[in-house]
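Visitor:
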Amino acid sequence: MTHFVVFGEPFDFAERAHRRFAHSTVTLVVEASRVGRTTGVDTVDAVIEVADAAHDPDALSEAVARRGPTPTHVVALVDHLALLAARFAERTGLVFHSVATITAIGDKGAMRRRLAGDPDLAVRSAMAHDEASLRTAAAAIGFPLVVKPSDSTGSQGVSVLRSEDGLSAAGERALAVSAAVLVEEFLDGPQYSVEAFSEDGTHVVLAVTRKYSDPRTLVEMGHVLPADLPDAVRTEFAERTRRLLRTLGLRYGPSHTEFVLTERGPVPLETHARVGGDDIYLMVADGRGVDMDALQVEQIFGDRVLDRLVPVQRSAQAIWFGAAEEASSFRMPDDSAEPTTTAVVWLRRDSAPALRSSGDRVLQVRAEASTAASALEAARSHAEQLARAAGLSPRLTRLDELV
Numbered sequence: 001m002t003h004f005v006v007f008g009e010p011f012d013f014a015e016r017a018h019r020r021f022a023h024s025t026v027t028l029v030v031e032a033s034r035v036g037r038t039t040g041v042d043t044v045d046a047v048i049e050v051a052d053a054a055h056d057p058d059a060l061s062e063a064v065a066r067r068g069p070t071p072t073h074v075v076a077l078v079d080h081l082a083l084l085a086a087r088f089a090e091r092t093g094l095v096f097h098s099v100a101t102i103t104a105i106g107d108k109g110a111m112r113r114r115l116a117g118d119p120d121l122a123v124r125s126a127m128a129h130d131e132a133s134l135r136t137a138a139a140a141i142g143f144p145l146v147v148k149p150s151d152s153t154g155s156q157g158v159s160v161l162r163s164e165d166g167l168s169a170a171g172e173r174a175l176a177v178s179a180a181v182l183v184e185e186f187l188d189g190p191q192y193s194v195e196a197f198s199e200d201g202t203h204v205v206l207a208v209t210r211k212y213s214d215p216r217t218l219v220e221m222g223h224v225l226p227a228d229l230p231d232a233v234r235t236e237f238a239e240r241t242r243r244l245l246r247t248l249g250l251r252y253g254p255s256h257t258e259f260v261l262t263e264r265g266p267v268p269l270e271t272h273a274r275v276g277g278d279d280i281y282l283m284v285a286d287g288r289g290v291d292m293d294a295l296q297v298e299q300i301f302g303d304r305v306l307d308r309l310v311p312v313q314r315s316a317q318a319i320w321f322g323a324a325e326e327a328s329s330f331r332m333p334d335d336s337a338e339p340t341t342t343a344v345v346w347l348r349r350d351s352a353p354a355l356r357s358s359g360d361r362v363l364q365v366r367a368e369a370s371t372a373a374s375a376l377e378a379a380r381s382h383a384e385q386l387a388r389a390a391g392l393s394p395r396l397t398r399l400d401e402l403v
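Once you know that position 242 of the sequence shown is 242 in the numbering used here, the rest is easy, because the numbers rise by one and skip nothing.
Shown next, in the form of structure tokens:
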């Protein structure tokens with residue numbers, strides 16, 4: 001009997017597992033507060049709810065043992081609960097990323113400490129837990145700087161400061177999300193992400209994506225693939241990504257690593273042991289011919305996938321978002337005249353919060369074209385058109401307003 005214990009979000013994993021293995025069980029471990037908004041919860045065989053704050057791998061092992069056969073696989077397709085998955089795997093002797101690796105990936109402060117020995121990957125940073133330590137850290141780092149929660153995602157609680165003005169408020173925003181705050185030097189330059197896939201410690205870079213963010217909140221508002229880069233710089237991105245993944249100890253599965261291209265080359269912001277969000281993994285599948293989502297599941301099932309990690313440039317892909325700068329209501333415009341070259345998803349229906357994190361975005365437009373510039377402009381211009389028609393902020397859709 002094959003028994004998969006999935007942590008966080010199953011999506012369609014259970015359906016795939018049941019198709020692949022005639023006798024299989026899928027148990028979902030999920031935080032109680034997330035059950036109602038977890039995709040695929042109705043497809044699994046058992047659900048174990050855990051408290052949002054207290055994660056005890058020993059108690060979890062006992063609960064899993066009561067619910068089904070002996071576990072054979074540990075799975076985490078998203079960030080939250082990945083550390084619990086690592087601790088559970090360590091406790092049960094099952095294959096998963098190590099606790100040290102997941103800690104370094106999920107805790108930005110821990111990642112900075114692990115990378116500090118590599119001058120190409122190091123960033124000046126310090127941890128803070130209260131007002132006093134925040135001011136001490138800011139004085140040590142110097143302005144401009146970034147204040148961010150140590151263990152959050154989606155740009156929640158992130159602030160960019162060019163002086164001491166607003167430092168206390170930035171600390172409060174970050175501490176509302178996390179118990180610890182990371183203060184680090186502001187990296188000046190355009191933003192990129194690298195999508196890679198690993199097997200037995202061999203890391204294959206599949207794509208480099210150019211990212212565009214709101215400079216006030218650092219919320220990502222657009223992506224285009226492939227990034228327009230000289231071959232030498234593209235090679236440097238790939239080489240530094242491999243070094244980062246080796247240093248952190250990631251040995252298998254997908255990864256999504258974000259960089260800023262500075263005067264000293266690509267410098268990492270953060271990394272994740274999962275496919276890229278914002279449908280970047282779909283852009284890689286359609287634009288580069290490698291389905292990272294399918295491959296990660298097949299790898300979990302025990303298949304070797306290294307010889308299938310051969311990207312080929314098929315088309316250019318772009319995604320652009322619309323949002324509101326201040327909380328407001330909006331009206332969805334008539335879609336009868338929408339271009340057939342783009343695909344639109346409304347992420348909200350009639351009210352928009354002020355943009356503070358990626359979860360506050362209102363609409364998404366995806367486009368495909370023969371060149372990156374054409375795909376970007378098709379997605380961006382349609383997003384701007386829809387934002388204006390809906391009464392949202394057109395500033396957040398304009399290239400000259402983003403970084």
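Where a beta carbon is used, it is the ideal one built from N, C-alpha and C, also for glycine.
Name the one or two DSSP bridge partners that Lys-211 has.
Guide: The partner list for Lys-211 (beta bridge, DSSP) reads Gln-191 and His-223.
Visitor: In angstroms, rounded to a whole number, what distance separates the CA positions of Ser-125 and Ala-139?
Guide: Their Cα atoms are separated by approximately 11 Å.
Visitor: CA-CA distance, Gly-201 and Asp-307?
Guide: Straight-line Cα distance between these residues: approximately 14 Å.
Visitor: Can you give me the C-alpha to C-alpha distance between Glu-9 and Glu-31, rounded to a whole angstrom?
Guide: Taking the straight line joining both Cα atoms gives about 10 Å.
Visitor: Going by DSSP, what residues sit across from Thr-271 in a beta bridge?
Guide: The partner list for Thr-271 (beta bridge, DSSP) reads Thr-257.
Visitor: Can we say the stretch 164 to 172 touches the stretch 280 to 290, given the rule of at least three CB pairs closer than 8 Å?
Guide: They do not touch, by the three-pair rule.
Visitor: For His-256 versus Ala-318, is the C-beta spacing smaller than 8 Å?
Guide: No, they are not a contact pair.
Visitor: Between the Cα of Gly-253 and those of Leu-295, Gly-142 and Ser-33, spot the shortest distance and give me the residue it belongs to.
Guide: The option with the nearest alpha carbon to Gly-253 is Leu-295.
Visitor: Quick check on the burial criterion: 16 or more other C-beta atoms within 10 angstroms. Buried or exposed for His-23?
Guide: Classification for His-23: exposed.
Visitor: So for Pro-311, helix, strand or coil by DSSP?
Guide: In this structure, Pro-311 counts as coil in the three-state DSSP scheme.
Visitor: For Gln-191, count neighbouring C-beta atoms within 10 Å of its own C-beta (all shown protein chains included) and say buried if the count is 16 or more, exposed if not.
Guide: Counting Cβ neighbours within 10 Å, Gln-191 comes out buried, since at least 16 surround it.
Visitor: Per DSSP, Phe-21 is paired with what?
Guide: DSSP, once it has assigned bridges, lists no residue as partnering Phe-21.
Visitor: Taking contact to mean at least 3 C-beta pairs separated by less than 8 Å, is the stretch 142 to 157 in contact with the stretch 179 to 190?
Guide: Contact between the stretch 142 to 157 and the stretch 179 to 190 is present, because at least three Cβ pairs lie under 8 Å.
Visitor: Gly-40 and Phe-7: beta carbons closer than 8 Å?
Guide: No.
Visitor: Please confirm whether Glu-226 and Ala-372 have their CB atoms less than 8 Å apart.
Guide: Going by the sequence as given, residue 226 is Pro instead of Glu. Cβ atoms of Pro-226 and Ala-372: closer than 8 Å.
Visitor: Taking the straight line between their C-alpha atoms, what separation do you get for Thr-341 and Val-75?
Guide: Looking at the two C-alpha atoms, the distance is approximately 36 Å.
Visitor: Count the other C-beta atoms from every protein chain shown that fall within 10 angstroms of the C-beta of Pro-215, then say buried if there are 16 or more, exposed otherwise.
Guide: Classification of Pro-215: exposed, given that the 10 Å Cβ count is below 16.
Visitor: Are the CB atoms of Leu-355 and Leu-396 within a distance shorter than 8 Å?
Guide: In this structure, Leu-355 lies closer than 8 Å to Leu-396 by Cβ.
Visitor: How about Ala-104 and Leu-229: do their beta carbons lie closer than 8 Å?
Guide: Their beta carbons are not under 8 Å apart, which means Ala-104 does not touch Leu-229 by this criterion.
Visitor: Using only alpha-carbon positions, find the residue among Leu-60, Asp-107, Phe-21 and Thr-43 that is nearest to Arg-91.
Guide: Nearest of Leu-60, Asp-107, Phe-21 and Thr-43 to Arg-91, Cα basis: Leu-60.
Visitor: Put Gly-265 into one of helix, strand or coil per three-state DSSP.
Guide: Strand, per DSSP.
Visitor: State yes or no: is the C-beta of Phe-197 within less than 8 Å of the C-beta of Leu-309?
Guide: Cβ distance < 8 Å, so Phe-197 and Leu-309 count as in contact.
Visitor: Does the stretch 320 to 333 come close enough to the stretch 362 to 370 that 3 or more CB-CB pairs lie under 8 Å?
Guide: Result yes; three or more Cβ-Cβ pairs closer than 8 Å.
Visitor: With a CB to CB cut of under 8 Å and the five nearest residues on each side skipped, what residues in its chain are close to Ser-193?
Guide: These residues qualify, in order along the chain: Val-208, Thr-209, Lys-211, His-223, His-256, Thr-257, Glu-258, Phe-259, Gly-276 and Ile-280.
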